[in-house]
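K.L.:
Protein chains: 2
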Amino acid sequence: MSFDYKTRAGQEFDRTAFESLLKQKKFFWQSFEPYGGTKGLFDYGPPLETLEAEVVNIWRDHFIRHEKMMSLKCSMLTPYEVLKASGHVDKFADFMCKDPKTGEILRTDHLIKDVIEARLKSDKEARGEKIEEAEEDPKKKKKQSKAAKTAVKLDDAVRQDYEHLLATLDDCSGEDMGAIIKKHDIRNPTTNNEVEPPVAVNLMFQTQIGATGKEPAFLRPETAQGQFLSFQKLLEYSDGQLPFASAAIGHSFRNELSPRSGLLRVREFLMAEIEHFVDPESGKKHSKFASVREIKLPLLSRHVQTGGGSTPTEISIGEAVDTKLVDNETLGYFLVRIMQFMQRIGIDMEKLRFRQHMQNEMAHYAADCWDCELLSSYGWVECVGCADRSAYDLSVHMKRTGVSLQVREALPEPRRFEEFEATLDKKTAGKALKKDLGKVANALEQLTQDVREKLCIDIEKGPVEVAVPEMEAGKVELTKDLVSFAKVQRTETMREYIPNVIEPSFGIGRILYSLMEHVYWTREQDQARAVMSFNSRVAPIKVLIVPLQKDKRFDPLVQEIGDRLDEESLSFKVDQSGVSIGRRYSRNDDAGIPFGITVDYESLEGKGFTLRERDSTKQVRGSMDEIVNAILSMVKGKTQWTDVKLPLFESKDE
Amino acid sequence: MSFDYKTRAGQEFDRTAFESLLKQKKFFWQSFEPYGGTKGLFDYGPPLETLEAEVVNIWRDHFIRHEKMMSLKCSMLTPYEVLKASGHVDKFADFMCKDPKTGEILRTDHLIKDVIEARLKSDKEARGEKIEEAEEDPKKKKKQSKAAKTAVKLDDAVRQDYEHLLATLDDCSGEDMGAIIKKHDIRNPTTNNEVEPPVAVNLMFQTQIGATGKEPAFLRPETAQGQFLSFQKLLEYSDGQLPFASAAIGHSFRNELSPRSGLLRVREFLMAEIEHFVDPESGKKHSKFASVREIKLPLLSRHVQTGGGSTPTEISIGEAVDTKLVDNETLGYFLVRIMQFMQRIGIDMEKLRFRQHMQNEMAHYAADCWDCELLSSYGWVECVGCADRSAYDLSVHMKRTGVSLQVREALPEPRRFEEFEATLDKKTAGKALKKDLGKVANALEQLTQDVREKLCIDIEKGPVEVAVPEMEAGKVELTKDLVSFAKVQRTETMREYIPNVIEPSFGIGRILYSLMEHVYWTREQDQARAVMSFNSRVAPIKVLIVPLQKDKRFDPLVQEIGDRLDEESLSFKVDQSGVSIGRRYSRNDDAGIPFGITVDYESLEGKGFTLRERDSTKQVRGSMDEIVNAILSMVKGKTQWTDVKLPLFESKDE
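Chains as they are written, first to last, in the UniProt record's numbering: chain A, 1 to 654; chain B, 1 to 654.
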C-alpha cells in the first residue's frame, strides 16, 4: 500500500492477517478449488452468504419498501439485439495484447501500468530515494539497497513523461496505447517478448438460446436494460404518473480478461440498481428533498480534482444543489440515501466519500455523475455509481423496436399554435411525379418550419427546388399547381416525451468486502485476538450461548435459551467445548457475533444469565426475558448497547 | 384440463380469468417484450418479485436458520471439467427432431405426445364419445360435433396401442422414440413434413471464460455441484463432525428446446437446494426425528402407483420409516419439514402430496426419492425433489481431481486384523525384472486377500503366475526367491469414508406459481371480484390505507399512519382516489393486501380507525397502536385474525 490505511481502532491494517482470518472463518474462497480454481469466481461461505442476505434485506427495506419503488426481477440471459441497441456489443470492451509466443492474453492498460511503474520504481532505487512502503521495515530496507545495485536510472525527461503517462492512462484509446507500447518498448514482463498491438475484446459472456443457432445471447452486463424494457409495464403500474422508480437486485457478468483484487473485480457479481424515471421538464425536483436539505456529505468535486486535490468538502446537500455542484434535487436526494444506507450496514463514515466524475469519464449523454467510493486497503474504490443517464437508453430501444417507451400526458391546457403546412395536389402531382409521389411527400414532411415559410413565399414567384434524398436525382422541382404552402392553426391536447433516468447502481460484493475491512480490528492487549465488529443488524450470527463449563446440568438451560431465540427468529451458536470461556468468546469475536449469553452456576439457581457485548466485552445480568428482549431490540436497530439498563456484571474470565 | 380443479372456495378454476388478473396486476410477463419476447424467460413485476423475496426469507428462516445449515453462494458459471465429471455433459439432454424443410426444432417427446393425443381425440369424436373438457360448454359441444365430421376412427388395436404408448413414453430412449415416429408415421403437425430421427441435444447454456478460448464453461444446471466441491471447507467449518447440511439459494439454467407451461418450465430459474451429508454407516438416523414422528403426510407410494392408483395415504412419518416405506429417518424428517414450509407460505394442503419415484425414474445410485408435488390447473407438478444421491457426486469429483472429498475419523477403538502381504526381494527381483519391477509391484498390490492366501501356499510348491496387465506379456512367473507371501498383524486407528448425500431441492418459481393459483378465488356475490388470499407473512404489500373520501382533512392522519407503519417496516399502499371505498377495497383484494385501515370522520375526532381483514371483509375498530400492533403480530405469524379482540365495526360500504 502506498497510502496510510488504518483499522477502526487506529492500527496499521495487516492485510495478510486479515485474509488469513477470512480464510480460516470460511468467509469466501475461489470457486471450484478441487479443479484448480477459476480466477474471478468466488464462493461465499456461511458468514459472507448470510452477511450478504442481511445487507440485501436492509437495502430492500431502505430503498424498495421505504421509497415505494417497484421491485423487478429481470432475466440474466439477454438477446443479442437488446445489447446491440444499448451499445454494449460495440463498446463494452477492454483492450488486450497477445504475447504471440506463449499465447498469453494481457490487459493492455494493466500491462502498460505494470511495466512503467516497475521502471519508475527502479529509477527511484537507482537515485537512492525512499520507497514509501519500505520506510519502516528494516527487512525491506535491506532488500531495497540490494535492488539499488541492479536499478536503472532514467533521464529526468523520461521520468516526467512516464509520470504523465500513468496519470492520463485512463483516457487513452486503443490506438494511443498501441503507440505507447511501441514508443516505450513495453513487453510482456514475464517473458520479455514483444506483444501484438491492442485489440478490443468484448467483456460479455456469449451463449445461444435454444438449439437452432438463431438466437445468440449474452449474460447481462447490468440489470438496467431489463428495467428499461419493462418501462411500459411500470408506467401502467403507476397509473401513468411520473416520477417513479424501479429497482432490481440481481447478478450481472463481466468476462474480465485478467481478474485481480479478490472480491473487488470479479466475473459474476450481485448488483442492486435503481432506475428513477423523471420528466426532463420537471427540473428533476424531489418531493422529499426538504427533509434531507441540511444533511452534510463529503463531496469531492470535479473542480477540486482538476486542481490536483483529493480531499472532499463537507457540505450540506441543500447548498450543493443550490450552487449547482450537484446537478439536481433527485440526484442529491439519492446521494443522501446512499450515505444513510452505508451508515445502517456499518460502513466507517471516515472511509466514505462521493467523487464527481470528470467530464471525460462520463458517457456523452450523462448530465452529472457521482460515485460513492469506499476506502479499503486497495485504495478508494467505486461501490455505488449514481448517474443521470438522460433519455439515452429508452430512446435507443424505442428507435430499434418501434415500440413506444414514452409517457403520454394530457396537457393542463390545450396548446394552440400556427404552423406552415405543405400539401401536394393529389391529382396533378400524382400525374407529374408518378412513382416518386411518396418520396416527395416524405421529403416535404421533413422540411423545417423555416424552410416551409420561405418556400411559401418563393413558390409564388416560380418553381422551387426541394431535396429528395430517396430519388436518384436527389431533388425535385415543384410548381404551384403541384404543391401549396399555407399557414394553419393547430391545437395540441397531449404531450409525449421520453423520461430521463437517474440511476444509483450498487456493487454489493464491493460493499461487502469494504465492510469486512472496516469492521476488522485487533484487541490492544493481544495482537492475535481479532474482532469483526459487524453491527447486530448485519451480523451473520446474532448470539453465542456459552455454558460456563462442560457440565450436563447446563444442558436444559442452553436448550431453553435456544428455543426462546428460535421463537424470535434470532440466529445463534452454542459453544460448549471444554476450553476456557475467555478463549471461547475470543474465537467467536472474530466471527463477528455481537452478543454472548453465559449460563453459569447462578443460572442453575434461577438467578438469570449474563449478556456480553462483543466490542466492549462488558457484561450485564438479567432474566431470560430481559436479555432476549434487549437483544431483539438491538438487532432491530431500535436501541444501542448503551440503552441496555441491566446491572453490570464483573467477569473474571476475560 | 382433463381433471377436476377447483379454487380454494370450491369454484371451477378459470385459468383465462386468472391469467388476465396476473397480467393486469403486473405479476409477471415475458422478458424483452419490445423485442418480441423470448420464450421461457420471464420478468417478475413488483407483486411477484416481493412475493419471491418473502418466500425466500421464510425458506432461509425455516431451513438455514432453524436447522443451522451452512449457507453457501456458489458460482453460476461452471467449468466444463466439473460438469463432465458430474455426468451432465453426457446425460443432461433432451431428444429433438428437426423438420428438414423449415429448420424447426421439435422436442421429440412433445411431438409424439401431441400427434398421438390428437389422433385419439379425433377417434373419440368419430366414435361420438364425450370429450371431458367440452362436457358443460354448449359452444364447445357445437365445435365438437363439427369436428366429428372430419374425425378419423381408429382400429381398436391401434387405439389400445396408442394409449399404452402415451403411458410409457417417459421411459423411452431416443432410439425407441425414433422407432415410434417411423412406425406411426408421426410428422410435424404444423407442416405435415416428415421429421429427421431424434438427436440428443444438451440442455446447458455453453460459454467461454476469458479470451483465450481454452476455458469452455456452462451455466450451471443445478446449484448442487458447487456445494459438493466445497465439501472440504464445510467439513472444516463443522470441525470435522458429520452430519451437517449446506444450503444454497441461487439461479440455475436449462436451455429448453421448446418451453411451455408458463412459469412451470423456464430457462432461468431460482432453486433452493440442501445437501445433507451423512455417514452411510449411521443408518441415516436424524437427531430430531422423534419430534416429528406423529406427523401425518399424504404419501403416494411406488407400490400404489404400480397398481394404477393415484390416491395418497395419510400416514405418520414414524410408521412410514418403521415400515421402510420411506427409506430412513433423515429423508423422513425432511419430508415433514418440506410440508411445514409449504404450510407456512400458504400452500393449500389439499393440493399437496408426496409421490415416490418409480424404480426406473431414479438415478442408478439413488436409494429412495420422493417428490413433493403441488396440484395446479396444469396437474400435479414436482415442486421439490427429495433424493438420496448416495456417495455418487463426491466420488466422481474425487476420482477426477485426485483431491480427497472424504471424512477422516478416529475409530473409537483401534481395529486389529491380519492380512496377507506380498513382498518383493529388492535385490533378486530388481535383477530379474529390471524395468518391469514397478509394474509387478503394482500388480501384487492389486491382488485380493484370497489370491494372496492361495499364492502363499502355491509358491512353496514351485513358481506361480501373476497377471500384470501393464506388461506386454500380460503376466509374469515368480519364484520364492523373488517374492514372499506372509500373514501379518495390522492395526487401524482411522476410518476414511465418502459421505452420502440427501438432497431436498426446491424449484422456487414452480412453488410461487402454484401458490398464486392456490390463493386465487372470487367472491360469491360477484364473479368479477377476484381475491388473492396470500397470508399476511408472504403478502407483497401488508396494509392498504383508505381515507373514507377525498378530503384534505384526512391527509395528516394518513401521513401519521404511514409513518407509524414505516417505523415497523410494514409495507403499505395509500388509495385515496375518488371512487367508493368498497370499490377501492375490491381492487386491492385482487392484489392480495391482507389488511385495510380506514380513516373516517370519527378518526378526525380521535375515535380511532377501522381495521379490515381481506378474506372475511370483517372490520374492527381500535386506536392506531391497537391496530398496528395487531397487524404486526399477524404479519409475524404469531397470531391470527380470530385472535384480534377489538370491537366489531359494521360497515355500510361493502
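Each residue gets a CB set at the ideal place from its N, CA and C atoms; glycine is no exception.
(1) For chain A, find out if any of its Cβ atoms is closer than 8 Å to the Cβ of Ser230/B; answer yes or no.
(2) Give the residues of chain A in contact with Trp370/B, contact being defined as C-beta atoms less than 7 Å apart.
(3) Would DSSP call Glu129/B helix, strand or coil?
(4) Going along the chain, which residues of its own chain have a beta-carbon closer than 8 Å to the beta-carbon of Ser514/A, five neighbours each way excluded?
(5) Does the region 493-506 of chain A touch the region 273-283 of chain A, meaning 3 or more C-beta pairs lie closer than 8 Å?
(6) Could you have a look at Ala320/B and say whether DSSP puts it in helix, strand or coil?
(7) Considering only their Cβ atoms, is the gap separating Val440/A from Thr476/A smaller than 8 Å?
(8) If you measure between the beta carbons of Met349/A and Arg220/A, is that distance less than 8 Å?
(9) Cβ of Ala247/A within 8 Å of Cβ of Asp393/A?
(10) Is the beta carbon of Thr493/A sitting closer than 8 Å to the one on Pro414/A?
(11) Against Phe32/B, what residues of chain A qualify as contacts under a CB-to-CB distance less than 7 Å, listed in chain order?
(12) Please check if any C-beta of chain B sits within less than 8 Å of the C-beta of Phe63/A.
(13) Of all Cβ atoms in chain A, is any one closer than 8 Å to the Cβ of Glu135/B?
(14) Using DSSP's beta-bridge definition, name the partner residues of Arg416/B.
(15) Only counting runs of 4 or more residues, tell me where the alpha helix (DSSP H) segments fall wholly within the region 154-233 of chain B, in order along the chain.
(16) Does the separation of the CB atoms of Asn500/B and Val278/B fall below 8 Å?
(17) Since Cys456/B is in the alpha helix (DSSP H), which residue starts that stretch and which ends it?
(18) Would you mind telling me which residues of chain B sit closer than 8 Å to Ile511/A, beta carbon to beta carbon, in chain order?
(19) Could you say which of Ser282/A, Thr38/A, Val574/A, Ala320/A lies nearest to Pro216/B if we only look at CA atoms?
(20) Is it buried or exposed, Thr323/B, if we count other Cβ atoms within 10 angstroms and call 16 or more buried?
(21) Got a sec? Which residues, its chain only, sit under 6 Å from His62/B by beta carbon, not counting five neighbours each side?
(22) On the DSSP bridge assignment, give the partners of Tyr520/B in chain order.
(23) As an exercise, report each continuous beta strand (DSSP E) stretch of at least 3 residues that is fully enclosed by the region 374-418 of chain A, in chain order.
(24) Output yes or no for whether 8 Å exceeds the beta carbon distance between Arg495/A and Glu409/A.
(25) Expressed to the nearest angstrom, what Euclidean distance is found between the alpha-carbon atoms of Ser623/A and Leu648/A?
(26) Would you mind telling me which residues of chain B sit closer than 9 Å to Trp29/A, beta carbon to beta carbon, in chain order?
(27) Taking Asp43/A and Lys113/B to be in contact with their CB atoms under 8 Å, please state how far apart those CB atoms are, rounded to whole angstroms.
(28) For a cutoff of 8 Å on Cβ pairs, would you count Thr223/B as touching chain A?
(29) List the endpoints of the continuous beta strand (DSSP E) containing Glu477/A.
(30) Determine, using beta-carbon pairs with one atom in the region 77-90 of chain B and one in the region 160-173 of chain B, whether at least three such pairs fall under 8 Å.
(31) May I have a chain-ordered list of the beta strand (DSSP E) segments no shorter than 3 residues that lie completely inside the region 334-359 of chain A?
(32) Would you say Ala290/B faces chain A, with C-beta separation under 8 Å as the test?
(33) I'd like the span of the beta strand (DSSP E) that includes Arg612/A, first residue to last.
(34) Counting only beta-carbon separations shorter than 8 Å, does Gly309/B have a partner in chain A?
(35) Taking a Cβ distance cut-off of 7 Å, strictly less, list which residues of the region 148-178 of chain B are near chain A, in chain order.
(36) Since Pro259/A and Gly103/A are thought to touch, with beta carbons under 8 Å apart, how far apart are those beta carbons, to the nearest angstrom?
P.N.:
According to the structure shown:
(1) Judged by the 8 Å Cβ criterion, Ser230/B is in contact with chain A.
(2) Ordered by position in chain A, no residue passes the 7 Å Cβ test against Trp370/B, which lies about 27 Å from the chain.
(3) Three-state result, Glu129/B: coil.
(4) Within the same chain, Ser514/A has close Cβ partners Ile347, Lys351, Leu374, Leu375, Ser376, Val381, Cys383.
(5) When Cβ pairs closer than 8 Å are counted between the two stretches, the region 273-283 of chain A is seen to touch the region 493-506 of chain A, the count reaching three or more.
(6) In the structure shown, Ala320/B sits in a helix (DSSP, three-state: H, G or I).
(7) Going by the sequence as given, residue 476/A is Val instead of Thr. Cβ atoms of Val476/A and Val440/A: closer than 8 Å.
(8) Not closer than 8 Å, so no.
(9) For the 8 Å CB-CB criterion, Ala247/A and Asp393/A do not form a contact.
(10) For Thr493/A and Pro414/A, yes; Cβs fall inside 8 Å.
(11) By Cβ distance, chain A contributes Pro79, Val82, Leu229.
(12) Answer no: the Cβ-Cβ gap between Phe63/A and chain B never drops below 8 Å.
(13) Because Glu135/B sits at a pLDDT of 45, beneath the cut-off of 50, its placement in the model cannot be relied upon, and the following sentence gives the value as read from the coordinates. Residue-level contact by beta carbon fails for Glu135/B and chain A, as no gap is shorter than 8 Å.
(14) DSSP, once it has assigned bridges, lists Thr491/B as partnering Arg416/B.
(15) The qualifying runs are 156-168, 174-183, 224-229.
(16) Yes.
(17) Annotation for Cys456/B: the continuous alpha helix (DSSP H) segment containing it runs 449-458.
(18) Correct list: empty, because the minimum Cβ distance to chain B is about 15 Å.
(19) Comparing Cα-Cα distances from Pro216/B to each of Ser282/A, Thr38/A, Val574/A, Ala320/A, the minimum goes to Thr38/A.
(20) Thr323/B should be labelled exposed.
(21) Excluding residues up to 5 positions away in sequence, Phe341 lie with their Cβ nearer than 6 Å to the Cβ of His62/B in the same chain.
(22) DSSP lists Met532/B as the beta-bridge partner residues of Tyr520/B.
(23) As far as the region 374-418 of chain A is concerned, its whole beta strand (DSSP E) runs of at least 3 residues are 379-390.
(24) Contact annotation: Arg495/A and Glu409/A have beta-carbon atoms nearer than 8 Å.
(25) Cα-Cα distance, rounded: 13 Å.
(26) Using a Cβ-Cβ cut-off of 9 Å, Trp29/A is close to Ser230, Lys233 of chain B, given in chain order.
(27) About 40 Å separates the two Cβ atoms, so there is no contact after all.
(28) Taking CB atoms only, Thr223/B has no neighbour in chain A less than 8 Å away.
(29) That run of the beta strand (DSSP E) goes 475-478.
(30) The region 77-90 of chain B and the region 160-173 of chain B do not touch, with fewer than 3 CB-CB distances between them shorter than 8 Å.
(31) Within the region 334-359 of chain A, the complete beta strand (DSSP E) runs of at least 3 residues are 352-356.
(32) For Ala290/B, no CB of chain A lies under 8 Å from its own CB, so it is not counted at the interface with that chain.
(33) Per DSSP, Arg612/A belongs to the beta strand (DSSP E) from 609-613.
(34) At least 8 Å separates the CB of Gly309/B from every CB of chain A.
(35) Contact annotation: in the region 148-178 of chain B, no residue has its CB less than 7 Å from a CB in chain A.
(36) Contact doesn't hold; Cβ gap of about 18 Å is too wide.
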